[in-house]
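Data block below; observations after.
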Amino acid sequence: MKKALLILTTAILSVNCLAQSSPSAKPVYDAALAKKLGADDYGMKKYVMAFLKEGPTQLKDSAANMQLQMAHLKNIGRLAAEGKLVVAGPFLDNQPLRGIFIFNVETVEEAQKLTETDPAIKAGALVMELHPFYCSAALMQVVPIHNTLQKKSMTN
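Here the sequence shown stands for residues -19 to -1, 1 to 137, numbered as in mature numbering (1 follows the signal peptide of the UniProt record, and there is no 0).
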């Protein structure tokens, strides 16, 4: 009987310990971080998502194309450093839909003004389709985290 009681007690304590460290345990709310990142009560915020599409102008000269690409990447870096761009990246399947941006702005009009600073947009090599987007405020941490992971710069 004592042995059965000991096994039962051990099992209960083990389950309790696992429950406390399980991924399903609710994390502690961090009000200061939520405020800093602009989170609402759901931990979410407004952004604008841009789908970058192949534009009507495609450069045939590979040197000119590379120069335009570098200017495009430098603009991405500038917008990220200013906190206006939280995610950017290309699609890898060489289709007319080339990539995405997620802008840290609340309106499509604000995002439109930012897209007009992109050399690839100005040249007609890319066009952007903009959509209001509601997502986790944690996206605001992508650029600072990325900067700690980046061994080399794409623009150097």
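Note that the Cβ used here is the ideal one computed from N, Cα and C, for glycine as well.
With DSSP as the reference, identify every bridge partner of Ala31, one or two as the case may be. Within the sequence shown, the letter at position 50 stands for residue 31. DSSP output for Ala31 lists Phe82, Leu111 as bridge partner(s).
Can you round the beta-carbon distance between Ala118 and Leu49 to whole angstroms, since I take them to be within the 8 Å contact cut? Against the sequence shown, residue 118 aligns to sequence position 137. Against the sequence shown, residue 49 aligns to sequence position 68. That belief does not hold up - the Cβ atoms of Ala118 and Leu49 are roughly 33 Å apart, past 8 Å.
Only counting the same chain, and skipping five residues up and downstream in sequence, which positions put a Cβ closer than 7 Å to that of residue 212? The displayed coordinates of the chain run from -19 to 137. Any statement about residue 212 would go beyond what the structure contains.
What does Gly105 pair with, by DSSP beta-bridge criteria? The residue you call residue 105 lines up with position 124 of the sequence shown. Bridge partners of Gly105: none, in fact.
Counting along the chain, where does the alpha helix (DSSP H) carrying Leu66 start and finish? Here residue 66 corresponds to residue number 85 of the sequence shown, with the count starting at 1. Unbroken run through Leu66 is the beta strand (DSSP E), 66 to 71; no alpha helix (DSSP H).
Can you give the beta carbon distance from Pro71 to Arg59, rounded, assuming they're within the 8 Å contact cut? Here the question's residue 71 lines up with position 90 in the sequence shown. Here the question's residue 59 lines up with position 78 in the sequence shown. Not a contact, Cβ separation roughly 18 Å.
What number of angstroms, rounded off, separates the C-alpha of Phe114 from the C-alpha of Met121? Within the sequence shown, numbered from 1, the residue matching residue 114 stands at position 133. Within the sequence shown, numbered from 1, the residue matching residue 121 stands at position 140. Approximately 14 Å, taken between the alpha carbons.
Output the distance between the C-alpha atoms of Met135 and Ala61, rounded to the nearest integer angstrom. Translated into the one-based positions of the sequence shown, residue 135 becomes position 154. Translated into the one-based positions of the sequence shown, residue 61 becomes position 80. Answer to the nearest angstrom: the Cα atoms are 14 Å apart.
Taking just the CA atoms, how far does Cys116 sit from Lys41? Locating residue 41 in the sequence shown gives position 60, where the first residue counts as 1. Locating residue 116 in the sequence shown gives position 135, where the first residue counts as 1. Their backbone Cα atoms lie some 38 Å apart in a straight line.
With a 10 Å radius around its C-beta and 16 neighbouring C-beta atoms as the bar for buried, classify Asp99 as buried or exposed. Position 118 of the sequence shown, counted from the first residue, corresponds to residue 99. It counts as buried.
Cβ pair Leu33, Val89 closer than 9 Å: Here the question's residue 33 lines up with position 52 in the sequence shown. Here the question's residue 89 lines up with position 108 in the sequence shown. No, the Cβ-Cβ distance between Leu33 and Val89 is not below 9 Å.
Can you give me the C-alpha to C-alpha distance between Ala20 and Val123, rounded to a whole angstrom? For the purposes of this step, residue 20 is taken as residue 39 along the sequence shown, with counting starting at 1. For the purposes of this step, residue 123 is taken as residue 142 along the sequence shown, with counting starting at 1. Approximately 15 Å, taken between the alpha carbons.
Limits of the unbroken alpha helix (DSSP H) element including Val9: For the purposes of this step, residue 9 is taken as residue 28 along the sequence shown, with counting starting at 1. Taken as a continuous stretch (DSSP letters only), Val9 belongs to no alpha helix (DSSP H), as it is neither H nor E.
Per DSSP, Met25 forms a beta bridge with which residues? By one-based count along the sequence shown, residue 25 stands at place 44. For Met25, which the question treats as bridged, DSSP gives the partners Ser117.
Could you tell me the boundaries of the alpha helix (DSSP H) in which Pro125 lies? Locating residue 125 in the sequence shown gives position 144, where the first residue counts as 1. Pro125 -> alpha helix (DSSP H) spans 123 to 130.
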